[in-house]
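Colleague: Quick one: structure below, then a few questions.
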Amino acid sequence: MALLHRCHLLFLVAGLPVPALAQQSEPAEPVARVEVRGGAARHDPRRADTAARFVLGREEIERYADTSVFDLFKRIPGVTVTVGAGRQAQVRMRGLGEGYTQVLLNGERTPAGFTLDSLAPESIERIEVLRAAMAEFPTESVAGTINIVLRKKVRARERELKPGYLLSREFRGPTFSARLADRGERSSWSFTASGNHDALARKSTGSERNTRPDGVVDLRRTTLLREQGRMNRLNLEPRFSWTLENGDTLAWETLANGSGFRNHGHALVSTATGAAPPVPDLHTFGEIDDRMLKSDLRWTHALASGAKLETRIGVEGKRSKSLERRVGADSLGRPATNGSVRADTRQKGASSTGKYSRSVEGGHVVALGWDAGVNASDDLRAERDAIRALP
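With the working numbering applied, the sequence shown closes on residue 391, and no number is skipped along the way.
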């Protein structure tokens, strides 16, 4: 309170008239001029983030020169990456994976058969992680939404090539990514490609032991598993855009990728105590081939009233083939099983989205839109198994 009273007294004295002095005061020394200059910093999406939204921008993507999109997700808090058989990886939020975490591409649902590893980091503008539902995106997830925004604007000529080599405990092989881009007065284009050739070689062992209540060990087995395989993958992303004389813009973008995986496993079970398993010597052979194509055409038109119309039409298709063979023998070396499972899935579809938006009084925007699509799928599965006749 004392400080408050002194401030009031100071303002009161400053407001009273001051009588003129008989002697003229000496002129005051000139005060040095101080200039404070500042500029608006470039927008940083991370500063605008909230607890429910996280953005990994282009600047951070380029900083680490990653060759895989999954390396980008490993740097995002709250997102984990799990890798299964055949290096089939998926992202998880809040510990929930496929079916609970929604993945969008440019704010739209991903095409059938789309995999995250089909995207090269060079083609990504930013990654948005949404932990809560938002009106601008579909809300069909429990854990959250991951929206991947691809690069669209070409600001200057680009020529970039990144060769690499993957070396891990189980996988090794060369990788590459490349990007070409250029622009003209009314058009621009870009082409991104990435691929890898991985070799798999691993060995694992396991043991099985069973002890009866009386303490007698009646089963002891050891299993030796050897695996060898290879993975080939190629991704292509061409994009072209044009600006028409009336100001309209057209953009054509395509995403194509193909992959092939081959694997041979040999499981050998040795039994020290107890009965041998029906098939202690088992060979497995696996083949997986995937092909995916998605192509979109976008048109943006500005109306005379100030409104804007954005439309998109697209087609997509995918084919996935797999073959699994099992050949095994019993403990005496006689054929015990010889079977195979063959699967062939074909998917195709077409979709269209659009949005009409217009600014109204008060700084508000009125938007109307549509989202329609049709998809067809054809699945074939053939299973064959031959076993030795029982005596």
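Ideal Cβ placement from N, Cα and C applies to all residues, glycine included.
Quick caveat: nothing in here was measured; it's all calculated off a predicted structure.
1. By Cβ distance, which residues of its chain are closer than 6 Å to Ser-187, with the 5 residues on each side in sequence left out?
2. Let me know the beta strand (DSSP E) ranges lying completely inside the region 298–384, each 3 residues or longer, listed in chain order.
3. I'd like the list of long-range same chain contacts for Gly-373, defined as Cβ closer than 8 Å, with 5 residues on each side in sequence excluded.
4. Using CA atoms only, rank isn't needed, just tell me which of Leu-104, Ile-124, Val-91 and Thr-82 is closest to Glu-59.
5. In angstroms with no decimal places, state the Cα-to-Cα distance between Lys-294 and Glu-122.
6. Rounded to whole angstroms, what's the CA-CA distance from Gly-78 to Met-93? Just pull it up for me.
7. By Cβ distance, which residues of its chain are closer than 6 Å to Leu-255, with the 5 residues on each side in sequence left out?
8. Where does Ile-76 sit, in a helix, a strand or coil, going by DSSP?
9. List the endpoints of the continuous alpha helix (DSSP H) containing Tyr-64.
10. So, helix, strand or coil for Phe-176, using DSSP?
11. Taking the runs of the alpha helix (DSSP H) that are 4 residues or longer, which of them lie wholly in the region 198–274?
12. What separation, rounded to the nearest whole angstrom, lies between the Cα atoms of Ala-307 and Ser-359?
13. Work out the CA separation of Leu-116 and Leu-104 for me, nearest whole Å.
14. How many angstroms separate the CA atom of Tyr-446 from the CA atom of Ala-178?
15. Which term fits Thr-67, buried or exposed, when burial requires 16 or more other beta carbons within 10 angstroms of its beta carbon?
16. What residues in its chain sit with their C-beta under 8 Å from that of Gln-23, if we drop five residues either side in the sequence?
17. Which residues in the same chain have their Cβ closer than 7 Å to the Cβ of Ala-267, if we skip the five residues on either side of it in sequence?
18. Within 8 Å, do at least three Cβ pairs link the region 191–207 to the region 170–177?
19. Please classify Asp-378 as buried or exposed, where buried requires at least 16 neighbouring CB atoms within 10 angstroms.
20. Take Glu-160 as the anchor and find which of Glu-62, Gln-102, Arg-131 and Arg-220 has the nearest alpha-carbon.
21. What residue range is occupied by the uninterrupted beta strand (DSSP E) comprising Arg-151?
22. Indicate whether Ser-270 and Arg-212 have their beta-carbon atoms separated by less than 8 Å.
23. Return the residue from the list Leu-200, Thr-284, Arg-291 and Thr-80 that minimises the CA-CA distance to Asn-235.
24. Nearest to Ala-181 by alpha carbon, out of Lys-153, Ala-367 and Glu-227?
25. Roughly how many whole angstroms lie between the Cα atoms of Arg-233 and Phe-70?
26. Could you name the residues of the same chain whose beta carbon sits closer than 6 Å to that of Thr-311, not counting the 5 residues immediately before and after it, in chain order?
27. Taking the straight line between their C-alpha atoms, what separation do you get for Asn-106 and Ile-148?
28. Pull up the distance between the alpha-carbon of Arg-381 and that of Gln-347, whole angstroms please.
29. Answer with buried or exposed for Thr-101, where buried requires no fewer than 16 other C-beta atoms within 10 angstroms of its C-beta.
30. Find the nearest neighbour of Gly-286 within the set Ala-302, Ala-272 and His-264, judged by alpha-carbon distance.
31. Given Val-81, which residues of its chain have a CB within under 8 Å of its CB, disregarding the five upstream and five downstream residues?
32. Using only the alpha-carbon positions, how far apart do Gly-328 and Asp-289 sit?
Modeller: On the basis of the supplied data:
1. Here residue 187 corresponds to residue number 187 of the sequence shown, with the count starting at 1. Excluding residues within five positions, the ones whose Cβ falls inside 6 Å are Trp-242.
2. 308–329 and 335–359
3. Looking up residue 373 in the sequence shown gives position 373. Only Gly-349, Ala-350, Ser-351 and Ser-352 meet the Cβ criterion.
4. Counting from one through the sequence shown, the residue named residue 59 turns up at place 59. Nearest of Leu-104, Ile-124, Val-91 and Thr-82 to Glu-59, Cα basis: Ile-124.
5. Numbered from 1 along the sequence shown, position 294 holds the residue referred to as residue 294. Numbered from 1 along the sequence shown, position 122 holds the residue referred to as residue 122. Cα to Cα, the separation comes out at about 19 Å.
6. As a working note, residue 78 is residue 78 in the sequence shown. As a working note, residue 93 is residue 93 in the sequence shown. C-alpha separation (whole angstroms): 6 Å.
7. Locating residue 255 in the sequence shown gives position 255, counting from the first residue. If we look at Leu-255 and ignore the five residues flanking it on each side, its Cβ neighbours are Glu-237 and Lys-294.
8. Within the sequence shown, the letter at position 76 stands for residue 76. Correct three-state label for Ile-76: coil.
9. Counted from its first residue, the sequence shown places residue 64 at position 64. Note, Tyr-64: alpha helix (DSSP H), 58–64.
10. To locate residue 176, count along the sequence shown from 1; it is residue 176. If DSSP states are grouped into helix, strand and coil, Phe-176 belongs with the strands.
11. none
12. Counted from its first residue, the sequence shown places residue 307 at position 307. Counted from its first residue, the sequence shown places residue 359 at position 359. Cα to Cα, Ala-307 sits roughly 7 Å from Ser-359.
13. For the purposes of this step, residue 104 is taken as the residue at position 104 of the sequence shown. For the purposes of this step, residue 116 is taken as the residue at position 116 of the sequence shown. Distance between the alpha carbons of Leu-104 and Leu-116: 10 Å.
14. With the chain covering only 1 through 391, there is no way to say anything about residue 446.
15. As a first step, residue 67 is located in the sequence shown; it is residue number 67 there, counting from the start. Buried: at least 16 other Cβ atoms inside 10 Å.
16. Reading the sequence shown from its first residue, position 23 is the one you call residue 23. For Gln-23, the predicted structure reports a pLDDT of 47, less than 50, and the residue's modelled location is therefore unreliable. A value from the coordinates is still provided. There are no such residues.
17. Along the sequence shown, one-based indexing puts residue 267 at 267. Around Ala-267: Thr-223, Leu-225 and Leu-282.
18. yes
19. As a first step, residue 378 must be located in the sequence shown, where it is residue number 378. By the neighbour-count rule (16 or more Cβ atoms within 10 Å), Asp-378 is not buried but exposed.
20. Along the sequence shown, one-based indexing puts residue 160 at 160. Taking only the C-alpha atoms, the option nearest Glu-160 is Glu-62.
21. Numbered from its first residue, the sequence shown carries residue 151 at position 151. First-last for Arg-151: undefined, no H or E at that position.
22. Along the sequence shown, one-based indexing puts residue 270 at 270. Along the sequence shown, one-based indexing puts residue 212 at 212. The answer is no: Cβ separation not under 8 Å.
23. Counting from one through the sequence shown, the residue named residue 235 turns up at place 235. Cα-wise, what sits closest to Asn-235 is Arg-291.
24. Residue 181 sits at position 181 when you count from the first residue of the sequence shown. Nearest option by C-alpha distance: Lys-153.
25. Taking the sequence shown and counting its residues from 1, one reaches residue 233 at position 233. Taking the sequence shown and counting its residues from 1, one reaches residue 70 at position 70. Answer to the nearest angstrom: the Cα atoms are 15 Å apart.
26. In the sequence shown, counting from the first residue as 1, residue 311 sits at position 311. Trp-299 and Gly-354.
27. In the sequence shown, residue 106 corresponds to position 106, counting from 1. In the sequence shown, residue 148 corresponds to position 148, counting from 1. Asn-106 and Ile-148: Cα-Cα distance of roughly 6 Å.
28. Locating residue 381 in the sequence shown gives position 381, where the first residue counts as 1. Locating residue 347 in the sequence shown gives position 347, where the first residue counts as 1. C-alpha separation (whole angstroms): 15 Å.
29. Your numbering for residue 101 matches position 101 in the sequence shown. Its Cβ being crowded by 16 or more others within 10 Å, Thr-101 is buried.
30. By one-based count along the sequence shown, residue 286 stands at place 286. Closest by alpha carbon: His-264.
31. Within the sequence shown, residue 81 is the residue found at index 81, counting from 1. Hits under 8 Å: Phe-70, Phe-73, Lys-74, Ala-89, Gln-90, Val-91 and Arg-92.
32. To locate residue 328, count along the sequence shown from 1; it is residue 328. To locate residue 289, count along the sequence shown from 1; it is residue 289. Cα to Cα, Gly-328 sits roughly 25 Å from Asp-289.
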